[in-house]
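Heads up, the thing below is written out as structure tokens.
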Amino acid sequence: MLVSIELWARPGIVSLPGGFPADIWGLATSPTAAPQVPGPVLAATVGDVVEITLHNMLNEPVSLTFPGQEIAPEPVLDAGGRLVSLTRFAAPGRSVVYSFPAYRPGTFRYESGTSPERQVQMGLYGALIVRPAGWDDPASPNYYTAYGADTGSGYDVEAVILLSEFDRAAHEVIATGAVYNPLNYAPQYWLVNGRPFPDCVAPPDTSTQPLTSRVPVLVGQRVLLRLINAGFLAHTLAFQEGPARVVAEDGRPRRSPLLDATYDKNAITLGAGQSADLVFTPPEGEHYLYDRDLLHLVNTDDYPGGMMALVDVRPAFPVTPPEAPSSLTATAALPRQVELNWINNAADEDGFVLERRTGGGPFLRVTTLMVGATAYTDTHVEANTTYTYRVLAFNLAGTSAYSNEAVVTTLP
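For the sequence shown, this note's numbering begins at 1 and goes up steadily by one.
Structure (structure tokens):
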């Protein structure tokens, strides 16, 4: 079967904690769709032929590489013999097509092969999942397995957990076209599926950071976590309710009919570019996966934040979204401080998403708040500036409507 995918490399903006905008280069599923970070999760089944068309809407050449796939490298050299790109690229305004067979199941990534030290950091990366033939056929021995029968990779719920880092200073330099020195790489944000905590546990949305890292699970279900490190640094993920069974590494199953080399771990280290597949059956409750390096659990200097994911295990899921908050007010308390209050009309919310826009600009996520919140103090504002706020509630059934909008001008 031919799996045909089109991607558009486009500039965009993401929201960092506090509602700060940052330039990115993301991948969109249409020429008018929002570019997203990370890129869309690409999926295929063993036996498929994957054809990916990359359209370049940036001002420099762009390419994609697919580590672990049977695709011949076609490096591009300049007239002096210097490597320009790891593979064929699309010039600005042009397109390039890549094709390869999905010959083995696994958890993989894709990423830019042209100036990857710049373009991967800017957001040109994503997950590629290849499933075994028959994975969706109840009559097949490969049904709901990551790697096929007799690999110990059976599951009921799967989730991609894509790790990366975000260096805001690097984004500012690269977006302007200035020379970027990767030796100065110093990330301030640590992301899971494109968001740091607590925003990573907010529901999926249609923004440039659409993916969540909250994994909803019913009691008794087996969970498959597809861990991928798309960052430049190593990360050690610890499990609050370990251990988990490591059934594959770098897209290679550790169990066959002749040998079972799977193993249990309470924490696993992934180097840059590595992947691992873990299977476990968590008990009821909220169970966090988190980077064991405390310096990766902050957003700049704010704790808690950073690299976390949440496995949310319940006996049942809600069937309707929560009621919308109301009576939102915003009061300028200090030149760089706004006090926000609202009425919580929900009885079954999992949290709230607070958004803000500056002047007539777009709404950006300020923060994600937990159950029962009715107030927030925003200290990430400028003096003598007009802001508009809104808030919504969410649970596993979806999101509420937005509250009323509250407009405030901060003190001089």
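Positions of the beta carbon are idealized from the N, C-alpha and C atoms, including for glycine.
As the structure is a prediction and not an experimental result, all values here were calculated from the model.
query = For the candidate residues K265, P282 and P283, whose alpha-carbon lies nearest to that of A276?
reply = Along the sequence shown, read from residue 1 onward, the residue named residue 276 stands at position 276. The candidate whose alpha carbon is nearest that of A276 is K265.
task = Tell me whether the beta-carbon of V50 lies closer than 9 Å to the beta-carbon of P105.
result = Taking the sequence shown and counting its residues from 1, one reaches residue 50 at position 50. Taking the sequence shown and counting its residues from 1, one reaches residue 105 at position 105. No, these two residues do not count as a Cβ contact at 9 Å.
task = Would you mind sorting N341 into buried or exposed? The rule is 16 or more other CB atoms within 10 Å of its CB.
result = In the sequence shown, residue 341 corresponds to position 341, counting from 1. Classification of N341: exposed, given that the 10 Å Cβ count is below 16.
query = Hey, quick one: how far does the beta strand (DSSP E) through E117 stretch, first residue to last?
reply = In the sequence shown, counting from the first residue as 1, residue 117 sits at position 117. Unbroken run through E117 is the alpha helix (DSSP H), P116 to M122; no beta strand (DSSP E).
request  = Let me know the secondary structure DSSP gives P101 once reduced to three states.
outcome  = The sequence position of residue 101 within the sequence shown is 101, counting from 1. Reduced to three states, the DSSP call for P101 is strand.
message = Please classify Q69 as buried or exposed, where buried requires at least 16 other C-beta atoms within 10 Å of its C-beta.
response = Counting from 1 along the sequence shown, the entry for residue 69 is found at position 69. By the neighbour-count rule (16 or more Cβ atoms within 10 Å), Q69 is buried.
request  = With a floor of 4 residues, list each alpha helix (DSSP H) that falls wholly inside the stretch 37-98, ordered by position along the chain.
outcome  = none
inquiry  = Tell me which residue opens and which closes the alpha helix (DSSP H) that E172 is part of.
reply    = For the purposes of this step, residue 172 is identified with residue 172 of the sequence shown, where counting begins at 1. R168 to A175 is the span of the alpha helix (DSSP H), which, as asked, contains E172.
task = Could you tell me which of L364, R356 and T374 sits nearest to T386, measuring between CA atoms?
result = As a working mapping, residue 386 is identified with position 386 in the sequence shown. Of the candidates L364, R356 and T374, the one whose C-alpha sits nearest the C-alpha of T386 is R356.
message = Can you find the residues in the same chain that come closer than 6 Å, C-beta to C-beta, to N395, ignoring five residues on each side of it along the sequence?
response = The sequence position of residue 395 within the sequence shown is 395, counting from 1. The residues are P318, P322, D348, E349 and D350.
query = Quick one: what's got a C-beta closer than 6 Å to E6's C-beta in the same chain, skipping five residues either side?
reply = Along the sequence shown, one-based indexing puts residue 6 at 6. If we look at E6 and ignore the five residues flanking it on each side, its Cβ neighbours are T53.
Span separating the alpha-carbon of H296 from that of A309 = By one-based count along the sequence shown, residue 296 stands at place 296. By one-based count along the sequence shown, residue 309 stands at place 309. Straight-line Cα distance between these residues: approximately 13 Å.
message = Let me check one thing: in DSSP terms, what residues is V192 bridge-paired to?
response = On the sequence shown, position 192 is the one that residue 192 refers to. Beta-bridge partners assigned by DSSP to V192: L163 and R195.
query = Which one of V215, A393 and T65 has the shortest CA to CA distance from S403?
reply = Start at 1 with the first residue of the sequence shown, and residue 403 comes out as number 403. Of the listed residues, the one whose Cα sits closest to S403 is A393.
query = Out of R168, A267 and Q119, which has the shortest C-alpha to C-alpha gap to G242?
reply = One-based indexing of the sequence shown puts residue 242 at position 242. It is A267.
key: beta strand (DSSP E) runs contained entirely in the stretch 337-398, provided each spans 3 or more residues   = If one requires a minimum length of 3 residues, the beta strand (DSSP E) runs lying completely within the stretch 337-398 are 337-343, 351-358, 364-370, 375-378 and 386-395, in chain order.
key: For D291, the nearest candidate out of S256, E172, V192 and T151 (CA to CA)   = Sequence index remark: in the sequence shown, residue 291 carries index 291 (1-based). Checking every option, the nearest Cα to that of D291 belongs to V192.
ask   = Just curious, the beta strand (DSSP E) that M308 is in, first and last residue?
value = On the sequence shown, residue 308 is found 308 positions in, with the first residue counted as 1. M308 to R314 is the extent of the beta strand (DSSP E) around M308.
query = With burial defined as no fewer than 16 other Cβ atoms inside 10 Å of the residue's Cβ, what is the status of L334: buried or exposed?
reply = Counted from its first residue, the sequence shown places residue 334 at position 334. Exposed: under 16 other Cβ atoms inside 10 Å.
Cβ-Cβ separation, G273 to P67 (assumed contact under 8 Å), whole Å = Indexing the sequence shown from 1 puts residue 67 at position 67. Indexing the sequence shown from 1 puts residue 273 at position 273. Yes, P67 and G273 are in contact; Cβ-Cβ is about 7 Å, under 8 Å.
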